[in-house]
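The block underneath contains the structure these notes are about, expressed in structure tokens.
In our numbering, the protein residues as written are 7 to 936.
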């Protein structure tokens, strides 16, 4: 009972040791199995999935497979069961001919983990081969004088099996003269020898037939036989003797075919036929017979086929020398093959990734390589390296396996693809090498924001553009790839004149084309600033902004607008609108009227010019090209019609130019009666069916209106005189070049004082309405400052201050220079010969000066109202319209001003005109006294 328990304990310990060994081997990546040879295809070898702890569903997911190294594959992994099975018939004798223990190795790769597991399968022998003799029939020649007990070597039986399945015993049968002796060699092999048991007698029997049987130890045992024929010879006293009992030679594996490797020599003391020797190979396999040749006469062993150290590194043969008498002797020949570096390292890519993300961390496994060299020693030592300076290096993995891993993060924008060349070189001299190229594509990560081609964009857009017109294109590039590089555009938030920016412009998301959604008006919007955002298609998306500036370019889309004379209304009194008076005694150049127009455009589109298009008397009047002033061109003649109709065309400088017309009616009259008669006749012509009483009523109303206006003029003139006297008192304290000029002649505009020109008409009436006359005085001409009246001038009119200081002659020292004169380049007597301002700043300054002049002229200086229906009667000529009802065009309107030049000649002419006017007033006064 105690012995039985002890045996169970021993079995448990053995089983435990077996489990521990299996666990240790699995932990170190080794699996070992054992199967017999000659198993059919599909035979079970081992449960790999169980031994490695792999779940069956994960086999396909992890990519578990047997590596193919270019040789015949005998094993495969069953994907559904995880079993290792055979796929070829395995013949141990063919695979492991010279090895006692036949072990086959393969590698199992788990792609998902980049791990390698070694598998060793031991192929155990079965008794599938019977012993055989190389020569089924052997012949031995023995002299009859041979003493009993002599031994003669026989051919060994060959059995490819191993162990007990190989040759175990020999048996001899057939004759009593011979027996069998079996000698055991140093390696345990058995050598049969024929022993002469009884002396031979040739005369009794010349031949003896024997049967040699060899048996193996298999179950059941297999046998092989050979027939031995012994010929009895006459006496031969001497046996051949070799010079060496054993011949040893070392040759490199690359020795040329046909080379003599070794020559064996033997001698025989006999003479004649008994001393003639012949050499033959006795103990030799098929390999030796195929590789070497023995010359039977000379004993030279030559190479028949190239040697390969990797196939076999040594060969053993027995050479027999036999004389003509049948006596023989043997010698052993051992040929050792030395290795030569004749095998290139074999580099195999076991597993590789074709794609890798650019943000993969350092140390990411890219490929698994296997390298081997069939050479031995230094020639078989292989070193692997990466040829180029790339962000990869090699790490040793398992036995002859290496892994290619990254050394840093990759950047697809710098390098999108890598061709990694791995070079394997052995340690031979010269070294042999091989290489493998790994193609690796870097996958993109959205790590780059779009970049615009320009830092900022700007475009000029003409106004009145068509809705939907293309303005410009913005373009941005993204260094990423695919969806991460797909750029889409959109507008930033903003407002223009209180409206959303998206109602003015839009951007096409794919192309970046910017379109105008509405027609722009330069007079409303002059510039539009916006932001365009470019956003890629990554997740998360990256974006960048660029500023876009749209400058609206003005076009000539506004025609000039005539402010004075105003358009005639459709009322019954339309005939009174735009009526100007001119005395028949007016000199050439006398100011009659002024056309005032504005243009809503800017720049040269707002530069206006005036042209007399139509007149009753073409040569009687002329119009200033840039000022719009209507002046007499010659002395009015008696034949000239009293009522003159003038059509003035106002044009801008746009392309094409736009224009407007103004119609003026100028009446040539020397008295009120003539004027009223002319106007009455005009009214009668306009309404021929109206009765004469109605015309009389209108004439009475006109006289009453003129009288009222005259009284208002006297009161206003008195107020102006008082105001002028007060201002002269204020200016008397200062000394300057302009002390003698009334302050009313200047107006300040942003520090610039512009000279204004006054236009005055003096009126005197007599008590007799039938002889009432209108006298027009040129005391204040358009080209000069008012001059001091000469000493012989009569007393001032009613309403003037006699004590007011008279105005001195203009000082020629402060005359305006060519560059200081208002208007265009200081042209004289109108701007017809002048040039327009060459920049918008000068234009706007002149516009502001002219508007200020118009305001000053309209400020309490008009005596007769200056509006429509006043027949143009005024003591100081002005624009004759109220500027407070006119929009401010100072920013984009240019109304050229006067270009008068201060000269003494002009002053004298004004003085002369003033004198004649004064004479008329004096004469009229005398009539009143009467």
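Note that CB positions come from ideal geometry on N, CA and C, so glycine has one too.
Grab me the residues of residue i's own chain with a C-beta within less than 6 Å of its C-beta, minus the 5 sequence neighbours each way, in chain order.
| i | result |
| --- | --- |
| residue 409 | 371, 374, 401, 403 |
| residue 462 | 553 |
| residue 647 | 622 |
| residue 322 | 340 |
| residue 245 | 333, 335 |
| residue 220 | 137, 163, 173, 176, 230 |
| residue 911 | Model confidence at residue 911 stands at a pLDDT of 35, short of 50, so the residue's coordinates are unreliable; what they give is reported in the following sentence. Cβ neighbours of residue 911 beyond the five flanking positions: none. |
| residue 346 | 258, 259, 260 |
| residue 576 | Because residue 576 carries a pLDDT of 40, less than 50, the predicted location of this residue cannot be relied on, and the following value inherits that uncertainty. There are no such residues. |
| residue 313 | 259, 343 |
Thinking just about the alpha-carbon of each residue, which of the options is nearest to the one in residue i?
| i | options | result |
| --- | --- | --- |
| residue 458 | 466, 491, 430 | 491 |
| residue 251 | 460, 102, 335 | 335 |
| residue 330 | 290, 263, 89, 237 | 237 |
| residue 591 | 397, 92, 674 | 674 |
| residue 156 | 615, 79, 187 | 187 |
| residue 208 | 167, 606, 149 | 149 |
| residue 527 | 706, 720, 212, 560 | 560 |
| residue 315 | 328, 516, 386 | 386 |
| residue 635 | 595, 325, 661 | 595 |
| residue 419 | 396, 453, 406 | 453 |
| residue 4 | 337, 296, 182, 311 | Nothing can be reported for residue 4: it is not among the residues displayed for the chain, which extend from 7 to 936. |
| residue 213 | 264, 468, 145, 471 | 145 |
| residue 37 | 48, 47, 55, 49 | 55 |
| residue 412 | 281, 405, 395 | 395 |
| residue 154 | 165, 206, 122 | 206 |
Should residue i and residue j be called a contact, given that it needs their Cβ atoms to be closer than 7 Å?
| i | j | result |
| --- | --- | --- |
| residue 456 | residue 550 | yes |
| residue 566 | residue 599 | no |
| residue 637 | residue 628 | yes |
| residue 305 | residue 270 | yes |
| residue 70 | residue 82 | no |
| residue 179 | residue 201 | no |
| residue 480 | residue 558 | no |
| residue 540 | residue 472 | no |
Tell me where the beta strand (DSSP E) around residue i begins and ends.
| i | result |
| --- | --- |
| residue 588 | 585–588 |
| residue 618 | 614–621 |
| residue 399 | 398–402 |
| residue 445 | 439–449 |
| residue 429 | 423–432 |
| residue 315 | Counting along the chain, residue 315 falls outside any beta strand (DSSP E), and DSSP gives it neither H nor E. |
| residue 381 | Careful: residue 381 lies outside any beta strand (DSSP E) and carries neither H nor E. |
| residue 126 | 121–130 |
| residue 323 | 320–329 |
If I'm right that residue i touches residue j with Cβ under 8 Å, what's the distance once you round it to whole angstroms?
| i | j | result |
| --- | --- | --- |
| residue 426 | residue 363 | Their Cβ separation, rounded to whole angstroms, is 16 Å, which puts residue 426 and residue 363 out of contact at 8 Å. |
| residue 43 | residue 98 | 4 Å |
| residue 652 | residue 618 | 6 Å |
| residue 39 | residue 127 | 5 Å |
| residue 170 | residue 223 | 4 Å |
| residue 670 | residue 654 | 7 Å |
| residue 328 | residue 283 | 7 Å |
| residue 536 | residue 511 | 7 Å |
| residue 62 | residue 88 | 6 Å |
| residue 440 | residue 351 | 5 Å |
| residue 611 | residue 658 | 6 Å |
Following the continuous alpha helix (DSSP H) through residue i, name the residue where it begins and the one where it ends.
| i | result |
| --- | --- |
| residue 100 | 98–101 |
| residue 293 | 292–297 |
| residue 56 | 54–58 |
Excluding sequence positions up to five away, which residues of its chain have a Cβ less than 8 Å from the Cβ of residue i?
| i | result |
| --- | --- |
| residue 141 | 161, 232 |
| residue 267 | 255, 257, 261, 298, 307, 308, 309, 341 |
| residue 30 | Residue confidence is low: residue 30 scores 45 on pLDDT, short of 50, so the model does not pin down where it sits. Its coordinate-derived value is still stated next. Excluding sequence neighbours, residue 30 sits near nothing in its chain. |
| residue 838 | Confidence in residue 838 is poor, its pLDDT being 40 and thus under 50, which makes the residue's placement unreliable; the coordinate value appears in the next sentence. Around residue 838: 630, 631, 632. |
Relative to the ligand SAM, is the shortest distance from any of its heavy atoms to the C-beta of residue i smaller than 6 Å?
| i | result |
| --- | --- |
| residue 729 | Among the components modelled here there is no ligand, and therefore nothing to report on the ligand SAM. |
Sorted by chain position, which residues of the same chain lie with C-beta nearer than 7 Å to residue i's C-beta, five sequence neighbours on each side aside?
| i | result |
| --- | --- |
| residue 151 | 241 |
| residue 361 | 447, 449 |
| residue 417 | 364 |
| residue 506 | none |
Of all the CB atoms in chain B, is at least one closer than 7 Å to the CB of residue i?
| i | result |
| --- | --- |
| residue 676 | Checking the listed chains, one finds no chain B in this structure; it contains a single protein chain. |
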